[in-house]
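Protein chains in written order, with this note's numbering: chain A, 1313 to 1557; chain B, 1313 to 1557.
Step one of this worksheet: look at the structure below.
There are 2 protein chains.
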Amino acid sequence: MVPHDDGAFAPMTEDAPSSSGFLDDGKNTIGSQLASRLREAIISGELQAGSKINLDKARKTFNVSLSPLREALARLISDGLVEFEDNRGYRVSSISLANLEEITTLREEFEVFALRESMRVGDVEWEGNVMRALHRLNRAERDAARPETLERWEELHREFHLTLISGCGKPILLHFCRLLLNLNDRYRRVFLTRTSGDRNVSQEHSEIAQGAVARDLDYSCDMLRQHIHRTGTNLRNHLATKGIL
Amino acid sequence: MVPHDDGAFAPMTEDAPSSSGFLDDGKNTIGSQLASRLREAIISGELQAGSKINLDKARKTFNVSLSPLREALARLISDGLVEFEDNRGYRVSSISLANLEEITTLREEFEVFALRESMRVGDVEWEGNVMRALHRLNRAERDAARPETLERWEELHREFHLTLISGCGKPILLHFCRLLLNLNDRYRRVFLTRTSGDRNVSQEHSEIAQGAVARDLDYSCDMLRQHIHRTGTNLRNHLATKGIL
DNA sequence: ACTATCAAAATAATCGATTATCTGTCAAGG
DNA sequence: CCTTGACAGATAATCGATTATTTTGATAGT
């Protein structure tokens, strides 16, 4: 799983994107591990949007005590995946058309802004990271019949988008983008297991990345904006199909 | 309207901007109350930036048990005011020139965007709220000799800026803006107890608000951007004076 | 039938104690 | 001297039990 940033808006430890032989994976405490499991469960749709999270049941399901459970849930609140109300407990954040549209709009605004900044101040290492992320993403297969390939693809896709904007030198902005990407991924994983026929997503990614390392600001930003927008439109249609307002 | 609004990206307890006679204040649990106290302690500078938060000492200081303490700290992490690392505990987020500059830049981007949206879709009630917030802010006195007036002014100032953008219909965006405002306020409360002589802040606020309700998009956005920018510049100078990099 | 009220059950919040992890110090070996 | 390892004290994480709050369901009154 993609490393979740630990410290509040910490400049992200930037551990070599997943090639290190031995990975400490940093998830030391029960609370941390649980947070990862729950996050995955929510993003993957295993835990239904809007459903209540009963502490007692969750405690038994995951075989943990209340303390780490609350700890984990607190982190998911930061991620915007869980909602909480005093004395009323926790529930998985709802999904809605309005929510999806806001996420899409904000991604367009923020990610494009972050990409522009990255192109302005990103160094050669950033460029290298972008090309690597692109390559790994394009090499990953995505077979709707094999869920593990979908998961892997999602992970690499997320990694690509984050790497693309990672050169901007603005940790808080990156934090926001990471949240939005998280929220967006839930919609995609729940509603979109395959790419719309009229898109060549690999090519879209390539165009964005090529433009980025070439520092072609307007072109790359425009491509990214369209890329995000198209995904939003596709998702909206799928939501509409399932009657979600 | 406003989709799933409570929970994660909820309008932050912050008792109704209004003037309702009796306020439930919503801070029911010890954890909630503690979060408020700690937030205030950090923003006001009572808890020094970068300092470690020892759980045992904090527990004794505030006369609470670990559970609500951790609960409260978890919320401050969401706010970006506290950082955390597994098995290493909590510490008050550091301040730095770079951090301040990012906050200022992002406020310019996000708040202006949210203001524009508010002017586009805000309703009459929003307009009314803006005018009220402006009035209350301008009527508040700000006497450096009396700390309680400063605190009160900060509260109303914060309320004004949030109200200004509250019509945008984008809860996540508002959540981000609220965080940034929080972070920014800490700098102001620590470093800036009085307004720079060459500014008429009341007038700046009035111009922004008047332009907003008149739906003069470009004018109002421009004024807001300058307003934020000036504050950033002032703060940067004060930080420089104190030798903070 | 409908509403109000109260008690019991369910659920969340908190506590105190226990366990796990980290950090600094000091001694032994190189 | 510097490094390494083990110990002890400090600190964080977790647990099980207790307390507080909310929700449910039954009952009585209109």
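Where is the CB? At the ideal position from N, CA and C, for every residue including glycine.
Can you find at least 3 beta carbon pairs, one from the stretch 1448-1465 of chain A and one from the stretch 1503-1517 of chain A, that sit closer than 8 Å? yes
Return the chain-ordered ranges of every alpha helix (DSSP H) run that is complete within the stretch 1343-1399 of chain A and spans a minimum of 4 residues. 1367-1374 and 1378-1390
Kindly list the residues whose CB is nearer than 6 Å to the CB of A/R1387, restricted to its own chain and excluding five residues on each side of it in sequence; keep chain order. A1347
Against chain B, does A/L1335 count as a neighbour if the rule is that its beta carbon must be under 8 Å from one of theirs? In this prediction, A/L1335 scores a pLDDT of 45, lower than 50, which makes its location untrustworthy; the coordinate-derived value is nonetheless stated afterwards. Cβ-Cβ to chain B under 8 Å: no for A/L1335.
Are at least three pairs of beta-carbons, each pair with one atom in the stretch 1470-1489 of chain B and one in the stretch 1413-1426 of chain B, less than 8 Å apart? yes
So with Cβ pairs under 8 Å, would you call A/E1352 a contact of chain B? no
Pull up the CB-CB distance for A/S1408 and A/I1556, whole angstroms please, since I reckon it's below 8 Å. 7 Å
Starting from the beta carbon of B/T1416, find every residue of chain A whose beta carbon is closer than 7 Å, and list them in chain order. Near B/T1416 there are no residues of chain A at all, since even the closest Cβ is about 11 Å away, more than 7 Å.
Just checking: is the beta-carbon of B/T1341 within a distance shorter than 8 Å of some beta-carbon in chain A? yes
Which same chain residues, not among the five before or five after A/K1554, have their C-beta less than 6 Å away from its C-beta? none
Using a beta-carbon distance below 8 Å, is B/E1420 in contact with chain A? no
Taking one C-beta from the stretch 1396-1408 of chain A and one from the stretch 1401-1420 of chain B each time, how about it: are there three or more such pairs within less than 8 Å? no
For the beta strand (DSSP E) containing B/G1481, list its first residue and its last residue. B/G1481 -> no beta strand (DSSP E), and no H or E assigned at all.
Among all the DSSP beta bridges, which residues are the ones paired with A/V1404? A/V1394
Under the three-state reduction of DSSP, which class applies to A/G1333: helix, strand or coil? Note on A/G1333: pLDDT 37, under 50, position unreliable in the model; the coordinate value appears next. Reduced to three states, the DSSP call for A/G1333 is coil.
Report buried or exposed for A/N1494, applying the criterion of at least 16 other Cβ atoms within 10 angstroms of its Cβ. buried
Tell whether a beta-carbon distance below 8 Å holds between A/S1430 and A/L1476. yes
Only counting the same chain, and skipping five residues up and downstream in sequence, which positions put a Cβ closer than 6 Å to that of B/R1548? none
Taking the alpha helix (DSSP H) that B/G1440 belongs to, which residues open and close that run? V1436 to R1451
A/N1546: first and last residue of the uninterrupted alpha helix (DSSP H) it sits in: L1529 to T1553
For A/L1350 versus A/L1367, is the C-beta distance shorter than 8 Å? no
Residues of the stretch 1476-1507 of chain B in Cβ contact with chain A at a cutoff of 9 Å, in chain order, please. G1481, K1482, P1483, I1484, L1485, H1487, F1488, L1491, L1492 and L1495
Closer than 6 Å by C-beta to B/T1416: which residues in its own chain qualify, once you throw out the five before and the five after it? Chain order, please. G1544
Could you pull the start and end residues of the alpha helix (DSSP H) that B/T1416 belongs to? L1409 to V1433
Nearest-angstrom Cα distance between B/A1410 and B/D1510? 25 Å
Taking 8 Å as the CB-CB limit, is B/I1389 close to chain A? yes
Quick one: Cα of A/T1341 to Cα of B/G1440, how far? 49 Å
Measuring only the C-alpha atoms, how far is A/H1517 from B/R1490? 33 Å
Compare the C-beta of B/N1450 against all C-beta atoms of chain A and say whether one is closer than 8 Å. no
Could you pull out every residue in the same chain whose Cβ sits closer than 8 Å to the Cβ of A/F1334, ignoring the five residues on either side in sequence? A caution first: A/F1334 carries a pLDDT of 42, below 50, which makes its placement in the model unreliable, though a value can still be read off. Cβ neighbours of A/F1334 beyond the five flanking positions: none.
Starting from the Cα of B/A1361, find the closest Cα among B/A1445, B/R1498 and B/D1534 and give me that residue. B/R1498
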